[in-house]
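Down below is the structure, laid out as structure tokens.
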Amino acid sequence: MNKFLRNAFVAVLAMVGTAAYAQTVVTFIPTETKGTTTGNKTPDKMEKGGITIESTDAAFNVKGNQHYRFYKNSKTTITSTIGNITKIEFTCDVDNTANGFAGVEGYTFTGDKKTGTWEGDADKVVFAASKGQVRATKVVVTIGTPDPNTVAPPSIEGVSPFLDK
Numbered sequence: 005m006n007k008f009l010r011n012a013f014v015a016v017l018a019m020v021g022t023a024a025y026a027q028t029v030v031t032f033i034p035t036e037t038k039g040t041t042t043g044n045k046t047p048d049k050m051e052k053g054g055i056t057i058e059s060t061d062a063a064f065n066v067k068g069n070q071h072y073r074f075y076k077n078s079k080t081t082i083t084s085t086i087g088n089i090t091k092i093e094f095t096c097d098v099d100n101t102a103n104g105f106a107g108v109e110g111y112t113f114t115g116d117k118k119t120g121t122w123e124g125d126a127d128k129v130v131f132a133a134s135k136g137q138v139r140a141t142k143v144v145v146t147i148g149t150p151d152p153n154t155v156a157p158p159s160i161e162g163v164s165p166f167l168d169k
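Here is the structure:
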């Protein structure tokens with residue numbers, strides 16, 4: 005019986021530990037998540053699961069659009085209220101290097117140049133479409149987890165003198 009209880013305790017502890025390091029992924033798809041305005045080339049905003057995508061010049065809700073459109077010279081801010089953003093992926097159906105978010109630190113493209121990925125650690129990320137329009141068929145925002153190999157610094161409390169290492 006003791007062996008069973010020990011094994012059950014270890015299993016529960018493992019599940020709790022795994023859940024503490026789970027990532028949160030929020031996916032924006034044009035046919036499912038829409039913006040707040042219905043016109044082209046206007047400021048637009050959309051929210052889902054604690055993530056907000058807001059642009060100065062975009063189209064997130066135009067009827068019939070199969071893309072989120074981030075227009076040239078627009079500034080897009082992606083913010084999180086649920087934790088720090090560690091990854092943002094923009095999936096496009098065309099080569100996205102000729103236009104897009106060139107020059108944004110931490111932003112790279114896949115080999116086919118249709119997926120742009122930003123990686124970092126921030127509660128807010130700002131993109132500028134300086135070269136041209138970005139037409140994303142999907143935007144995936146990943147909220148990070150603590151690195152399981154990182155140990156939090158210890159805290160020492162009390163009034164007793166600390167004499168040993």
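The working numbering numbers the first residue of the sequence shown as 5 and each following residue consecutively. Even for Gly, the Cβ is constructed at its ideal location relative to N, Cα and C.
Closest by C-alpha distance to residue i, when choosing among the options
{"i": "T114", "options": "V130, D97 and G124", "result": "D97"}
{"i": "T40", "options": "F105, N65 and I86", "result": "N65"}
{"i": "I89", "options": "A126, D168, Y111 and G104", "result": "A126"}
{"i": "K79", "options": "L167, V108, G124 and I147", "result": "V108"}
Under 7 Å between C-beta atoms of residue i and residue j
{"i": "K49", "j": "E58", "result": "yes"}
{"i": "E93", "j": "T56", "result": "no"}
{"i": "T85", "j": "K128", "result": "no"}
Residues near residue i in its chain [Cβ-Cβ closer than 7 Å; skip 5 each side]
{"i": "Y75", "result": "K45, D61, A62, A133 and Q137"}
{"i": "T22", "result": "The predicted position of T22 is uncertain, since its pLDDT is 45 and thus under 50; a value taken from the coordinates is nonetheless stated next. So no residue of the chain qualifies."}
{"i": "T37", "result": "M50 and K52"}
Residue span of the beta strand (DSSP E) that contains residue i, given as start and end
{"i": "S84", "result": "K79 to S84"}
{"i": "V130", "result": "K128 to A132"}
{"i": "E93", "result": "I89 to C96"}
Residues bridged to residue i [DSSP beta-bridge criterion]
{"i": "D48", "result": "S59"}
{"i": "K76", "result": "Per DSSP, none; premise fails for K76."}
{"i": "T121", "result": "E93 and T112"}
Sequence-distant residues of the same chain with beta carbon closer than 6 Å to residue i, five excluded per side
{"i": "T31", "result": "V144"}
Neighbourhood of residue i by C-beta, 8 Å cutoff - its chain only, sequence neighbours within 5 removed
{"i": "I33", "result": "T141 and K142"}
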